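The opening position of the sequence shown corresponds to residue 1 in my numbering, with each subsequent residue numbered one higher.
See structure below.
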Amino acid sequence: MKSIRNHRDHPAGIPLVADDILEFHAARILLLLRCCGSQNRSNGLYRIDGLTKMAKLDFFVRYPEFFAKIADVLGGSKKNVPGIVESAMVRFHYGPWDQRYYHILAYLEGRSLIKVSKDKGFQLELTANGAGIAESLRLNKDYENICTHMKEVKNLLGSKSGSSLKNLIYRTFDEEVGNRELGEVIR
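So, in C-alpha cells, the structure goes:
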C-alpha cells in the first residue's frame, strides 16, 4: 500500500487497485470516526475509544453481508446494505483486523487529522482539520452510500465496547471468522 503520489510511476497498462492506495483507507477511517464515533462534549470532535472497537466497526462497514446477518440476530435495521466486500481483513487474535491499521493511523496522525491518546487504552479522535475533511467527505455525494451504511452500523453497534463486538463476531461468525487460521483472509 502506497500513497497515490508514489503511484506516478505505475505502468499505465496495469490496473491500479484502490485497495493499494493509502488515501483510500485513510478516507474511510476519517469517515468511520465521524459517522460511527461519539462526539466529545468538551470540544465537539468525534472519537472512538479503542483500537478493537474501531476495527470491529470497520469490519461491519467493510463486510455489509456480515452486518446484515448481525442486524437479523440483534433485531436491527439494515436498509442500506451495499452487498460487496470493500477491502479484505484477516483473522487476528481479537477478531477481524487489517494489518495496515497502524500505517494508516500513523499517516492520519502525522498529518494532524487524528489525535491518538493512550491514557485509558487507545482513543482515536478527529482533530479540527480531520473533522473538516471528514465532514466534506460526508457531504460528498460519492460517499453517500457508505455514510448511510456507517450510520446504520453506529445505530446498531455503536454503544457496544470493542470486546463485546469481538465476542459477538466470534459467537455469530464462528465458521467464517473464528475457525480461520491467524492471518487468513476473511471472505
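Here a beta-carbon is modelled for each residue, glycine too, at the ideal position from N, C-alpha and C.
Treat the numbers as computed from the prediction; the structure is a model and nothing was measured.
Spatial neighbours of residue i in its chain, beta-carbon cut-off 6 Å, leaving aside the 5 residues before and after
| i | result |
| --- | --- |
| L51 | F122 |
| L45 | E125, L126 and A131 |
Extent of the continuous alpha helix (DSSP H) run through residue i
| i | result |
| --- | --- |
| R34 | L22 to C36 |
| I136 | What sits at residue 136 in the sequence shown is Ser, not Ile. Segment A128 to L139, the alpha helix (DSSP H) holding S136. |
| G162 | G162 to T172 |
| G110 | Y101 to G110 |
Enclosing beta strand (DSSP E) for residue i [first to last residue]
| i | result |
| --- | --- |
| R47 | Y46 to D49 |
| L182 | First-last for L182: undefined, no H or E at that position. |
| S117 | I114 to S117 |
| V90 | V90 to F92 |
| G158 | From DSSP, G158 is part of no beta strand (DSSP E); its letter is neither H nor E. |
| G75 | Here G75 belongs to no beta strand (DSSP E), and DSSP marks it neither H nor E. |
Neighbourhood of residue i by C-beta distance below 8 Å, restricted to the same chain and skipping five residues each side
| i | result |
| --- | --- |
| L30 | L108, L113, I114, L126, G130, I133, A134 and L137 |
| N40 | Y46, R47 and E125 |
| L32 | I48, M54, L57, D58, V61 and M150 |
Closest residue to residue i among the options (Cα-Cα distance)
| i | options | result |
| --- | --- | --- |
| S117 | L22, D49, A128 and C35 | D49 |
| I186 | K160, C35, T172 and G95 | G95 |
| A128 | V177, R111 and F66 | R111 |
| F24 | S38, C36 and I104 | I104 |
| G75 | N155, S164, K141 and E175 | N155 |
Anticipated Cβ contact below 8 Å, residue i with residue j, distance rounded
| i | j | result |
| --- | --- | --- |
| S181 | R91 | Inspection of the sequence shows that residue 181 is occupied by Glu rather than by Ser. Contact flag correct, Cβ pair sits at about 7 Å. |
| I70 | L168 | 7 Å |
| F66 | F173 | 6 Å |
Chain B contact for residue i (CB, 8 Å cutoff)
| i | result |
| --- | --- |
| N179 | The structure shown contains no chain B; it is built from a single protein chain. |
Same chain, Cβ closer than 7 Å to residue i, five either side skipped, listed in chain order
| i | result |
| --- | --- |
| G162 | G50, T52, K53 and K56 |
| K151 | C35 |
| Q99 | V90 |
| G178 | Y170 |
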